[in-house]
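Here the structure comes first, spelled out in C-alpha cells, and everything after it is commentary.
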Amino acid sequence: MQDKEEERSLINVEKKLNADGFTQDFNVCEGRLETINNDSKKSYGPEEVTIVDFYRFEGESDPDDMSILYAIECADGVRGTISNSFGTYADADTDEFLRKVDDLGKNLKKAHK
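Under the UniProt record's numbering, the first residue of the sequence shown carries the number 1, and numbering increases by one thereafter.
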C-alpha cells in the first residue's frame, strides 16, 4: 500500500494533473501568465485565467519549506500548472497575479475531478 505522504508529494500530484490534461507549465512575467514550455509562447491576463484547483505541500521538518501548486485553465482551453512558495520565499509577482484571479471570482472550478 502506498504511503499517504508519498501519494501527496508534489511530483505525484503534478503527474496526476498532467495525465488529466494540465500539461503546460506557467510563469508570471510583467503581470501576465505565460506558457514556458511551448514553441509559440502565449500570455494571459487575470481575466483569462481560472484556478481549477490547488494543492499545498509542507516540508518534513521546516515550516518555511511550504509550497502551493495551482491547476490553471485559460480562456482558450490551455491547461497547466504553476507553483509558488509561501512566506519569505514566495514570488511576489505570482502571488499578485493569482490574487487578482481570485478577486475576479475565477477560482476553484473542480470539474476535472
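Even for Gly, the Cβ is constructed at its ideal location relative to N, Cα and C.
Keep in mind the model is a prediction, meaning the values are calculated, not measured.
Residue i in three-state terms, based on DSSP
i	result
I72	strand
L33	strand
Nearest residue (CA-CA) to residue i, options the options
i	options	result
F97	I68, E14 and R32	R32
G80	N27, R99, G87 and G105	N27
F54	G87, I68, E30 and T94	I68
E14	G87, F57 and D93	F57
A75	D93, A90, V49 and T94	V49
C29	I51, G21, A19 and K42	K42
G87	M66, G45 and E73	M66
G77	A92, K100 and V52	V52
Contacting residues, own chain, Cβ-Cβ under 8 Å from residue i (five flanking each side not counted)
i	result
I11	none
D25	T35, I36, N37, G80, T81 and I82
T23	R79 and G80
Span of the beta strand (DSSP E), counted from its first residue to its last, around residue i
i	result
D25	Q24 to C29
T88	Segment: none, T88 is in no beta strand (DSSP E) and carries neither H nor E.
Extent of the continuous alpha helix (DSSP H) run through residue i
i	result
V13	L10 to A19
F54	From DSSP, F54 is part of no alpha helix (DSSP H) but of the beta strand (DSSP E) over V49 to E58.
Own chain partners of residue i with C-beta closer than 7 Å, once the 5 adjacent residues on each side are dropped
i	result
L17	A71 and T81
Own chain residues within Cβ distance below 6 Å of residue i, not counting five before or after
i	result
Y89	none
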